[in-house]
Amino acid sequence: MDRTRLVDELDAEFGGSERTHRAVSRQARDLADSGRLEEDMDLQLTVEAVISNLDDAPDDHSLVERWNWWIGSLELSFGDYQRFRVRPDLEETPE
0 MDRTRLVDEL
10 DAEFGGSERT
20 HRAVSRQARD
30 LADSGRLEED
40 MDLQLTVEAV
50 ISNLDDAPDD
60 HSLVERWNWW
70 IGSLELSFGD
80 YQRFRVRPDL
90 EETPE
């Protein structure tokens, strides 16, 4: 997965700070590298897949909330996805 492209797409679609873009893209890369989605859902994690799944989250959610919402859905469905969460307080701490 192209992390630079993902960061650009996250910014364009959901806004947020550079710090949150980096954190979400890092977790997305870790998720892709783990092979969990391919194993559980036969889904290759692409930039488009990340954006599509985050777009399904409630509209009033921030980028980190959207990511954690998706990861929470995966956790409920398959288990063992909590390690890919982004700390919610990341948005509140200065860069």
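Quick note: the sequence shown uses numbering that gives the first Met the number 0, first residue 0, plus one each step.
Cβ coordinates follow ideal geometry from the N, Cα and C atoms, glycine included.
- Around the Cβ of Arg86, a 10 Å sphere holds fewer than 16 other Cβ atoms; the residue is exposed.
- When Leu36, Val23, Ile50, Ser51 are compared, the shortest CA-CA separation from Tyr80 is found for Leu36.
- Between Asp1 and the set Ala31, Val63, Arg65, the nearest pair of CA atoms involves Ala31.
- Pairing Thr19 with Val46 gives a Cβ-Cβ distance that is not under 7 Å.
- Taking 7 Å as the cut-off, the Cβ atoms of Asn52 and Trp69 count as close.
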